[in-house]
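Please read the structure below before turning to the comments.
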Amino acid sequence: MRVTALSGGVGGARFLRGLLAHIDRTPELAGSTVTVIGNTGDDITLFGLRVCPDIDTVLYTLGGGVHEAQGWGRSDETYAVHGELGALGVPPDWFSLGDKDFGTHIARSLWLGQGLSLSQVTARLAQRWGLPDRGVTLLPMTDTPVETHVVVDEGEGPRAVHFQEWWVRMRAAVPAERFVVAGMDRATPAPGVLDAIRTADVVLLPPSNPVVSIGIILGVPGVRDALRGTRAPVVGVSPLVSGRPVRGHADACLSAIGIPATSAAVATLYADFLDGWLVDDSDADVAMPDGVRTLARPLLMTDIPAAADIAGAALDLGRDLRGR
Ligand code: GDP
Ligand code: CA
């Protein structure tokens, strides 16, 4: 089975880890491959280094090096470099990077500086984390540098800040007026991205943030058309449980684009290509858009087996839809 999945950071990575666990425990799925198309809209240059938060979260989570409670960053981290930068007064003071994490960003920046593309750099990092051995190919959505910016007004007129500043420093508490993806007009999909969608047996949308993770990937020219055109069923998993995002501020992002924070409304964002939609049991009786086969399941990824069950349900739904 060739599985292609779009992914943001923590929600995407935890789902993908469940997907690999489900493949491992299911004999019929032996030899399956998973191609992940990662969001790069969160990317930011900090301390002179290129940081790709969502790609790194996928790498660390699938590679077994993630800080489990936090959901991002490395386990058993130290913060010596961060402390020294603070003592030197080097901004920003609102974004902390651990020492091991710095290693990733130094290597990435070095290789980008030597002329490698982000895809090539990501492939090297994926090797470090053993992803190819598990049948996983991790592709950034684009090699073109893009950055999601957020237009906010803190009383002195509208201004754009980097998505990370809004999310981390402002904790998304200042209302977003809109999102602008700098560089997207010049962006092209990274090598392999469109093919992975067109040639997949099933395409999965993990419960990643529908606006600033999945929504950004969908904005890469060609991606949405490939999803509309692929013969593979496209199955999504709702990020909302009991009417709320499980973590983070997806509700604030949805409100900025005028969409209510409900699973039905999120499905409408994907309605032009979505075939199957997994919602939480709490949404079992809620009407979903016509033409989308909906299934209710417990959608809390409390541990790896729970995430594996969700991924398994998504694959099963995809298989049923393929048999149409
Ligand atoms: P980020 O880039 O780190 O913000 O991560 P993603 O965009 O990949 O995923 C964030 C989304 O994952 C949030 O909107 C959460 O609601 C969703 N999420 C996190 N944990 C769970 C979970 O256990 N179940 C479901 N259904 N969604 C989850
Ligand atoms: Ca993210």
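Using the numbering used here, the letters of the sequence shown correspond one by one to residues 10 to 333.
A virtual CB, placed ideally from N, CA and C, is assigned to each residue, including glycine.
Which one of 249, 158 and 125 has the shortest CA to CA distance from residue 199?
Nearest of 249, 158 and 125 to residue 199, Cα basis: 125.
Where does residue 264 sit, in a helix, a strand or coil, going by DSSP?
Residue state, collapsed to three classes: helix.
Endpoints, beta strand (DSSP E) assigned at residue 42
If you look at residue 42, you'll find it in the beta strand (DSSP E) that goes 42-47.
Suppose the cutoff is 7 Å on Cβ atoms and the five residues either side in sequence are ignored; what does the same chain contact list for residue 197 look like?
151, 153 and 230, listed in sequence order.
Closer than 7 Å to ligand 2: residues, by C-beta to nearest heavy atom, in chain order
The set, ordered by position in the chain, is 17, 18, 48, 51, 62, 63, 218, 221 and 222.
Here's the rule: buried if 16 or more other CB atoms are within 10 angstroms of the residue's CB, otherwise exposed. What is residue 257?
With 16 or more Cβ atoms within 10 Å of its Cβ, residue 257 is classed as buried.
Where residue 331 and residue 33 are concerned, what is the direct C-alpha to C-alpha distance, given to the nearest angstrom?
About 22 Å.
DSSP bridge partner residues for residue 146 (one or two, in chain order):
Answer is 44, bridged to residue 146.
What does a CB cutoff of less than 7 Å around residue 246 pick up in its chain, not counting 5 residues either side in sequence?
The answer, listed in chain order, is 24, 214, 215, 216, 287, 308, 319 and 323.
Under the criterion of a Cβ to heavy atom distance below 7 Å, does residue 175 qualify as lining ligand 1?
Not so, every heavy atom of ligand 1 lies at least 7 Å from the Cβ.
For residue 156, count neighbouring C-beta atoms within 10 Å of its own C-beta (all shown protein chains included) and say buried if the count is 16 or more, exposed if not.
The C-beta of residue 156 has 16 or more other C-beta atoms within 10 Å across all chains shown, which makes the residue buried.
Report yes if the C-beta of residue 283 is less than 7 Å from at least one heavy atom of ligand 1; otherwise report no.
Residue 283 Cβ: outside cutoff for every heavy atom of ligand 1.
Tell whether a beta-carbon distance below 8 Å holds between residue 13 and residue 64.
Residue 64 sits away from residue 13, with the two beta carbons spaced by 8 Å or more.
If we count the other Cβ atoms within 10 Å of its Cβ and call it buried at 16 or more, is residue 244 buried or exposed?
Residue 244 comes out buried.
Would you mind sorting residue 97 into buried or exposed? The rule is 16 or more other CB atoms within 10 Å of its CB.
Exposed, since its Cβ has fewer than 16 Cβ neighbours within 10 Å.
beta-carbon residue 83 near ligand 1 non-hydrogen atom, thresh 7 Å
Outside the cutoff, so no.
Determine the direct distance from the alpha carbon of residue 290 to that of residue 109, and round the result to whole angstroms.
Rounded to the nearest angstrom, the two C-alpha atoms are 39 Å apart.
Would you say the beta carbon of residue 259 is closer than 7 Å to some non-hydrogen atom of ligand 1?
The answer is yes for residue 259.
Proximity below 8 Å, CB of residue 270 to CB of residue 259
Yes, they are a contact pair.
Any idea if residue 103 is buried or exposed, counting beta-carbon neighbours within 10 angstroms, 16 or more meaning buried?
By the Cβ neighbour-count rule, residue 103 is exposed, with fewer than 16 other Cβ atoms within 10 Å of its own.
Taking just the CA atoms, how far does residue 167 sit from residue 143?
The straight-line gap from Cα to Cα measures roughly 46 Å.
Expressed to the nearest angstrom, what Euclidean distance is found between the alpha-carbon atoms of residue 272 and residue 238?
CA-to-CA, the gap between residue 272 and residue 238 works out to about 24 Å.
With DSSP collapsed to three states, give me the class of residue 36.
Residue 36: helix per DSSP, three-state reduction.
Please state the DSSP three-state secondary structure of residue 12.
Here residue 12 sits in strand by DSSP.
Do residue 209 and residue 11 have their C-beta atoms within less than 8 Å of each other?
Yes. Within cutoff.
Could you tell me the distance, in whole angstroms, from the CA atom of residue 253 to the CA atom of residue 141?
Near 35 Å, if we compare the C-alpha coordinates of residue 141 and residue 253.
Alpha helix (DSSP H) containing residue 67: first to last residue?
62-72 is the extent of the alpha helix (DSSP H) around residue 67.
Reduced DSSP secondary structure (H/G/I, E/B, other) of residue 24:
Correct three-state label for residue 24: helix.
Per-residue DSSP class, three states only, for residue 213
Residue state, collapsed to three classes: strand.
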